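What follows is one structure encoded as structure tokens, with my remarks underneath.
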Amino acid sequence: MNELISTDHLVKIYKLGDYEIHALRCIDLSIEKGAFVAIMGPSGSGKSTLMHILGCLDRPTKGNYFLEGKDISSLDRNSLAGIRNQKIGFVFQSFNLLSRTTALENVELPLLYNSGYSKEKTEKARKALSMVGLEGRENHYPNKLSGGQQQRVAIARALVNDPAIILADEPTGNLDSRTSVEVMEIFQSLNQKGITIILITHEKDIAAYAKRNITFRDGRIVRDEPVLAPKKATEELLSLPSEKIEEEK
Amino acid sequence: MRYLQILRVALKALGRNKMRSSLTMLGIIIGVAAVIAMLGIGQGAKRMVNAQIASLGENLLNVFPGSHTAGAFRGGAGTASSLTEEDVVAIRNNCSAIARISPVVRSGAQVVAGNLNWGTSIQGYSPDFTYIRSWPLSSGAFFTDQDIKGATKVCVLGQTVVDNLFPGEDPVGEIVRIRKLPFRVIGVLSQKGQNAFGQDQDDISVAPWTTVQKKLVGSTYINYIIASAVDRSQMDLAEKQITDLLRQRHRILPGQDDDFTVRSQLDIATAASSTSSIMTILLAAIASISLIVGGIGIMNIMLVSVTERTREIGIRMAVGARGKDILTQFLIESMVLSLIGGIVGILLGVLASKAISAVLRWPIFISILSIALSFFFSGFVGVFFGFYPARKASNLDPIEALRYE
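As you go down the protein sequences, you meet chains H and A in turn. Okay, so the first sequence: first residue is 1 according to this note's numbering, each after it adds one. Okay, so the second sequence: first residue is 1001 according to this note's numbering, each after it adds one.
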């Protein structure tokens, strides 16, 4: 069995004064290596909470979370930081790049927190940038890049440490439809190279690029089904009017 | 995360807010400069006082007679005539801790040269005077033991006396008259200036003590004794030897008060230098208050910076920065602020001290120790006041930090 993530009766309860908010109620989930999962659901359904726990940013109230067979629900802050650094790459809706820091330096950021030689680090960061099609933009600052390009820098940053999973929280939420498809194309090609991708979205269109869709409601999984024929972003792009033509108009 | 890389990140972060960083540093700069200048002034004063005390003489001891009592009437210290030439000889022969000794016989008189005259203090000493008082001659020679034996009428004049009686001339070889007796001037004392109490030390004429005693005063007593201990560490022993010897010679029974007083230069020096040490500490303490205020400025700015950069901290944590990494980053930022401030402050403090010493003619001494001290103190201020903001940053919850707008 090639299980990467498995959760066992995962419960997360937030306390707000006297109220208890059950963000996650008993989640049993298993995701195998090489999967491309889209998690959907309305806001407040618990999908972001799940992502925080899967991304080792938060710990469950009850239940266990196994990553590569290792129970990490009880690890301390520092060990979780180490796992985030080595195993997990984040992509956020609002890109979360450091401003006034070049694309290359943004991509190098995760490498700052593990050991290694700085020359190798720069080389790794360059490679990650070229994987998302941004070679030549190494020294651009985020405010000089388009939204799609900024998100690609963020993806390169998520890639740079060769993570086991990329966790993307509404990565296309701030992008127009064409750029969204371009980003999905990058995710699909990364997935083909064997990287597990977990994507949170509430757009059905976007979820259709994944190989498996999970729907959340009120802290529970209400639907979990494979996508029989995922859309292919490369084909989709061909049918969309190209940017260049629009510019020429 | 390597320290060099953290340092680069810190420098970059500070470089982004140049105005803010330099204003924050200014607090430390002023604090350190004040500490350096105040320590300089304090230590300068201490050195000046010590130099003045040293100019009194080499490991100087003074032996004064006690008070003169006539019936119910008691004179002040030094009014009794209880010290004699024999006491001097006994001390010279028996006290191993005493290197040189001289009796002192003092008188005041008009000194006349040609048509000029000048009222001054006539003081009789032995030839050891120049050594004991560490007072060399500027010209001529001092009198010898032969002059003491023969009570010859020779004298050595202080510079003030020379200026008043022989303006613009070399008096050596000239004759002056003191109480109508002719004295040959054989030397001139080098200029010593004012003493710590503002008295002109150069208003003096020195003659063999025998001459002053027999020919000018006409008594068998001596006013007091000056002596030099063999070295600084022997001052206490010398004091004790003199006390024991004189008590025995003056037949003072145990329990009775001494009829003399031994005072060492060390006592005065210790008192004076402890006074100026207290002064220095006080000045430095006041100056370090401004350094502490500067530190609070750093803390304030670092807190603002942590709040402003909450999102950055969240991003760093999401990509794997541990609490320790964040703590180090912010600590290094505050240390860079305070250490650069410290270095600039030291330079400014040294310049300010030089300016003060030039304008106010106040001796200023800046020791390597005070520079090192203020450098480390400013570094300490950086760590101390940077720790709370850095800790606050490192304890942020990554999810909250990422959501922060």
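Where a beta carbon is used, it is the ideal one built from N, C-alpha and C, also for glycine. Quick caveat, the model's predicted, so the values are computed rather than measured.
Span of the alpha helix (DSSP H) holding residue i?
i: VAL183(H); result: 177-192
i: ILE1148(A); result: 1145-1150
i: GLU135(H); result: Unbroken run through GLU135(H): none, as it is neither H nor E.
i: GLU76(H); result: Here residue 76(H) turns out to be Asp, not Glu, going by the sequence shown. First-last for ASP76(H): undefined, no H or E at that position.
i: THR1416(A); result: Nothing about residue 1416(A) can be read from this structure; chain A reaches only from 1001 to 1405.
i: THR1328(A); result: 1323-1360
i: ILE1222(A); result: Premise fails: ILE1222(A) is in no alpha helix (DSSP H) and is neither H nor E.
i: THR1270(A); result: 1265-1308
Might you give, ordered along the chain, the residues of its own chain that have their beta carbon closer than 7 Å to the beta carbon of residue i, omitting 5 neighbours on each side?
i: PRO163(H); result: LYS87, ILE88, GLY89
i: SER1273(A); result: LYS1046, VAL1049, ASN1050
i: LEU1348(A); result: ILE1029, ALA1033
i: VAL227(H); result: ALA208, ALA210, LYS211, ARG212, ASN213
i: VAL1306(A); result: PHE1330, PRO1389, LYS1392, ALA1393
i: LYS12(H); result: ALA23, LEU24, THR49, ILE53, PRO60, THR61
i: ILE1313(A); result: ILE1326, ALA1393, LEU1396, ALA1401
i: VAL1350(A); result: ILE1036, ILE1366
Over the uninterrupted beta strand (DSSP E) stretch that includes residue i, give me the two end residues.
i: HIS22(H); result: 19-32
i: LYS12(H); result: 3-16
i: ASP169(H); result: 165-169
i: LYS1214(A); result: First-last for LYS1214(A): undefined, no H or E at that position.
i: VAL1035(A); result: Per DSSP, VAL1035(A) belongs to no beta strand (DSSP E); it is in the alpha helix (DSSP H), 1018-1056.
i: ARG1232(A); result: Premise fails: ARG1232(A) is in no beta strand (DSSP E) and is neither H nor E.
i: ARG1251(A); result: Careful: ARG1251(A) lies outside any beta strand (DSSP E) and carries neither H nor E.
i: TYR65(H); result: 62-67
i: ASP1128(A); result: From DSSP, ASP1128(A) is part of no beta strand (DSSP E); its letter is neither H nor E.
i: GLU225(H); result: 220-226
i: ASN1062(A); result: 1060-1065
i: VAL1111(A); result: 1098-1113
i: LEU1189(A); result: 1181-1189
i: VAL1176(A); result: 1175-1178
i: GLY148(H); result: Taken as a continuous stretch (DSSP letters only), GLY148(H) belongs to no beta strand (DSSP E), being part of the alpha helix (DSSP H) at 147-159.
If residue i and residue j are in contact, beta carbons under 8 Å, what's the gap, nearest whole angstrom?
i: ALA1284(A); j: ALA1097(A); result: At roughly 37 Å, the Cβ-Cβ gap does not stay under 8 Å, so ALA1284(A) and ALA1097(A) are not in contact.
i: ASN1065(A); j: SER1081(A); result: Looking at the sequence provided, one finds Pro at residue 1065(A) rather than Asn. Going by Cβ atoms, the distance from PRO1065(A) to SER1081(A) rounds to 6 Å, so yes, they are a contact pair.
i: LYS33(H); j: ASN2(H); result: 4 Å
i: ILE206(H); j: MET184(H); result: 7 Å
Within a Cβ cutoff of 6 Å, which residues of the same chain sit near residue i, ignoring the five residues on either side of it in sequence?
i: ALA229(H); result: none
i: LEU1246(A); result: PHE1260
i: SER1022(A); result: none
i: LYS249(H); result: Caution is warranted here: a pLDDT of 39 is assigned to LYS249(H), below 50, making its placement in the model unreliable, and the coordinate value is therefore given only provisionally. Nothing meets the Cβ criterion.
i: ALA1010(A); result: ILE1332, GLU1333, VAL1336
i: LYS1214(A); result: ALA1151
i: PRO1103(A); result: VAL1088, TRP1209, ILE1222, ILE1225
i: LEU1165(A); result: ALA1113, LEU1116, TRP1118
i: ARG1100(A); result: ASP1128, TYR1131, ILE1132, SER1228
Give the secondary structure of residue i by DSSP, where H, G and I count as helix, E and B as strand, and everything else as coil.
i: LEU57(H); result: coil
i: GLU211(H); result: Note on identity: in this sequence residue 211(H) is Lys, with Glu being the wrong assignment. DSSP places LYS211(H) in coil when its eight states are reduced to three.
i: GLU246(H); result: Low per-residue confidence applies at GLU246(H): pLDDT is 46, beneath 50, and the placement is therefore not dependable, though the value from the model is reported in the following sentence. Helix, per DSSP.
i: PHE1375(A); result: helix
i: ALA35(H); result: coil
i: ILE1364(A); result: coil
i: THR49(H); result: helix
Roughly how many whole angstroms lie between the Cα atoms of residue i and residue j?
i: LYS1240(A); j: THR1144(A); result: 30 Å
i: PHE66(H); j: ASP28(H); result: 11 Å
i: ALA1318(A); j: ILE1289(A); result: 41 Å
i: MET1302(A); j: GLN1329(A); result: 11 Å
i: LEU167(H); j: LYS47(H); result: 12 Å
i: ILE1226(A); j: ASP1267(A); result: 15 Å
i: GLY1114(A); j: ARG1177(A); result: 9 Å
i: THR1243(A); j: ARG1092(A); result: 13 Å
i: GLU246(H); j: LEU1402(A); result: Its pLDDT being 46, under 50, GLU246(H) is placed unreliably by the model, and nothing is read from it.
i: VAL1230(A); j: PRO1254(A); result: 28 Å
i: PRO1136(A); j: ARG1232(A); result: 20 Å
i: PHE1129(A); j: LEU1189(A); result: 11 Å
i: LYS204(H); j: ALA128(H); result: 29 Å
i: VAL107(H); j: ARG157(H); result: 4 Å
i: TYR19(H); j: ILE1006(A); result: 42 Å
i: GLN1265(A); j: LEU1061(A); result: 6 Å
i: PHE1376(A); j: GLY1294(A); result: 15 Å
i: THR196(H); j: LYS1018(A); result: 44 Å
i: ARG223(H); j: ARG217(H); result: 9 Å
i: ASN1300(A); j: SER1370(A); result: 27 Å
i: LEU145(H); j: ASP71(H); result: 40 Å
If you drop the 5 nearest sequence neighbours on each side, which residues of the same chain put their C-beta closer than 8 Å to that of residue i?
i: ILE1298(A); result: THR1024, GLY1027, ILE1028, SER1334, LEU1337, SER1338, VAL1381, GLY1382, PHE1385, GLY1386
i: VAL181(H); result: ALA233, GLU236, LEU237, LEU240
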